[in-house]
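Notes follow the structure.
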Amino acid sequence: MLPKFLRKTPLAWLQVSREKSRLAIALAGIAFADLLMFTQLGFKNALFDASIKPHEILDTDLVLINPQFETIFAVKSFSRERLYQAMRVEGIQSANSLYIGSAPWRNPDTTVDRPILVFGASPTQSIFKLPEVNQHLNDLKMLDKVLYDQAGRVEYGPIAELFKKNNQVSIQLNHKEVKVVGVFSLGASFAADGNVITSDSTFLNIFPDRQPYQIDVGLIKVKPNVAQQTVKANLQQLLPKNEVLVLTLDEFAQREKAYWANSTAIGFIFTLGTVVGFIVGIVIVYQILYSDVSDHLPEYATLKAMGYGDRYLIGVLMQEALILAILGFIPGFIASFGLYSLASSATLLPIIMTQQRAINVLILTIIMCGGSGIVAMRKLQTADPSDIF
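Going by UniProt numbering, the letters in the sequence shown line up with residues 1 to 389, in that order.
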């Protein structure tokens with residue numbers, strides 16, 4: 001079966017490559033459709049990857065949040081008393097609180113304010129996985145000292161450069177003067193262009209309306225060799241479900257992803273963009289294949305008169321579609337690397353090519369071209385030997 005199918009390939013290739021200009025237009029159209037799909041999927045995945053960066057740097061096993069908490073960019077607090085209550089559960093090594101808020105950061109050069117995400121935690125214990133944060137915990141014990149995310153957008157000012165020169169930078173944060181005593185690298189996301197880490201005391205000083213007994217996230221470390229799921233179940237049984245939700249760190253991150261995918265228009269927009277690219281490709285390939293069949297209808301009719309059936313001719317047409325899919329995918333795939341690099345530099349989002357995404361777009365391209373071939377078959381089946389004899 002396969003050898004017979006392969007023997008048809010030269011005919012399909014000769015049909016596709018006979019008119020070089022038409023082939024070039026077809027490949028450009030397919031490459032454009034692939035580039036559009038790569039762009040939409042790249043930005044969509046970058047959104048999800050960037051949105052959970054703050055979650056990934058937390059050094060914790062379990063997380064306590066308000067059940068109405070959907071995203072760290074719009075936090076819902078709960079009583080610190082529940083964190084103390086959680087310590088009754090056997091197998092817990094430590095419990096720490098985390099405050100999260102957004103405040104205006106004033107660029108020291110332009111004096112323009114820009115929102116920045118602020119994390120506040122006790123400097124007596126390390127709750128972050130970042131070494132550059134942990135080495136400055138003693139500095140954060142002093143009031144109004146902060147650590148600045150040097151991977152944030154440049155609109156915040158040349159903070160990292162100023163810090164390297166002076167080892168300390170005075171900044172206006174939420175209209176209060178604070179001093180940058182260290183830098184770390186986390187990066188921007190769609191909802192936050194930069195990040196700041198400070199102590200819980202400084203956080204409450206920056207946000208005077210926040211109450212110390214209302215925390216945003218509870219971080220639970222489980223003792224070694226103790227099952228996390230067992231501790232999680234015991235915690236959820238002990239704590240009132242209408243006040244506190246217990247999650248693993250991975251579940252906490254997935255909750256953030258679900259918010260951006262389902263509760264905002266952003267996920268839908270990027271998915272729609274991918275669909276549009278797919279449809280554009282179908283239209284382009286269909287036009288090419290339909291024109292090819294129309295131009296060579298007498299030849300197809302001649303083949304029918306020689307005894308070749310519709311099945312054979314349809315096989316040739318589907319091979320043409322497959323050739324176009326593969327040849328058109330290659331330039332679209334290559335061009336997407338340059339676009340990803342440009343977009344990543346401009347937005348500071350983690351837009352990178354992945355093997356899975358490349359495979360997915362290739363499959364979509366084959367389906368796209370195959371679908372166009374199926375539609376064009378109807379014209380091919382009209383080839384009648386009696387029309388030319």
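Every residue gets a Cβ at the ideal spot worked out from N, C-alpha and C, and that includes glycine.
None of these values were measured; they are calculated from a predicted model.
Going by DSSP in three states, residue i sits in which element: helix, strand or coil?
i, result
"residue 14", "helix"
"residue 45", "helix"
"residue 122", "coil"
"residue 340", "helix"
"residue 174", "coil"
"residue 77", "coil"
"residue 89", "coil"
"residue 115", "strand"
"residue 6", "Below a pLDDT of 50, predicted positions are generally treated as unreliable, and residue 6, at 49, falls in that range; the measurement from the model is reported next regardless. Three-state DSSP puts residue 6 in a helix."
"residue 319", "helix"
"residue 109", "coil"
"residue 193", "coil"
"residue 187", "coil"
"residue 292", "helix"
Just to confirm my understanding: we take residue i, look at its own chain, exclude 5 residues before and 5 after, and list those with CB closer than 6 Å. What are they?
i, result
"residue 327", "27"
"residue 101", "118 and 207"
"residue 292", "none"
"residue 332", "31, 34 and 35"
"residue 232", "62 and 246"
Let's see if you can read the secondary structure: which residues bound the alpha helix (DSSP H) around residue i?
i, result
"residue 141", "It is not in any alpha helix (DSSP H) - residue 141 carries neither H nor E in the DSSP assignment."
"residue 92", "That residue, residue 92, is in no alpha helix (DSSP H); its beta strand (DSSP E) goes 92-106."
"residue 133", "131-134"
"residue 159", "159-166"
"residue 231", "228-238"
From what residue to what residue does the beta strand (DSSP E) around residue i run?
i, result
"residue 206", "No beta strand (DSSP E) holds residue 206; the alpha helix (DSSP H) holding it covers 200-206."
"residue 258", "Where residue 258 is concerned, there is no enclosing beta strand (DSSP E), although the alpha helix (DSSP H) it sits in stretches over 249-262."
"residue 219", "217-222"
Quick one: residues in its chain with C-beta nearer than 8 Å to the C-beta of residue i, no 5 flanking neighbours on either side, listed in chain order?
i, result
"residue 29", "280, 281, 284, 285, 288 and 328"
"residue 109", "157 and 158"
To which residues of the same chain is residue i closer than 7 Å at the C-beta, ignoring the five residues directly before and after it?
i, result
"residue 170", "177 and 179"
"residue 23", "16 and 17"
"residue 249", "55, 58, 60, 61 and 63"
"residue 321", "285, 289, 369, 370, 372 and 373"
If we cut at 9 Å on Cβ distances, does residue i have a partner in chain C?
i, result
"residue 63", "Looking at the structure shown, chain C is missing, and only one protein chain is on hand."
Worksheet item: Unbroken alpha helix (DSSP H) runs of length 4 or more, entirely within the region 20-73: which are they?
Response: Taking 4 residues as the minimum length, the alpha helix (DSSP H) runs contained wholly in the region 20-73 are 20-51 and 53-56, in order along the chain.
Worksheet item: Does the region 201-211 come close enough to the region 54-63 that 3 or more CB-CB pairs lie under 8 Å?
Response: No, they do not touch.
Worksheet item: Would the region 351-369 and the region 312-327 be scored as touching if the rule is three or more Cβ pairs under 8 Å?
Response: The answer is yes - the region 312-327 touches the region 351-369, with three or more Cβ pairs under 8 Å.
Worksheet item: Do three or more CB pairs link the region 46-57 to the region 75-89 at distances below 8 Å?
Response: No, because fewer than three Cβ pairs between the region 46-57 and the region 75-89 fall closer than 8 Å, the two stretches do not touch.
Discussion item. Three or more C-beta pairs under 8 Å: does that hold for the region 35-49 against the region 354-366?
Written reply: They touch, by the three-pair rule.
Worksheet item: Okay, do the region 219-230 and the region 129-140 touch, 3+ Cβ pairs below 8 Å being the bar?
Response: Contact fails: fewer than three Cβ-Cβ distances are below 8 Å.
Worksheet item: Any contact of the region 121-130 with the region 248-264, i.e. 3+ C-beta pairs under 8 Å?
Response: At 8 Å Cβ cutoff, the stretches do not touch.
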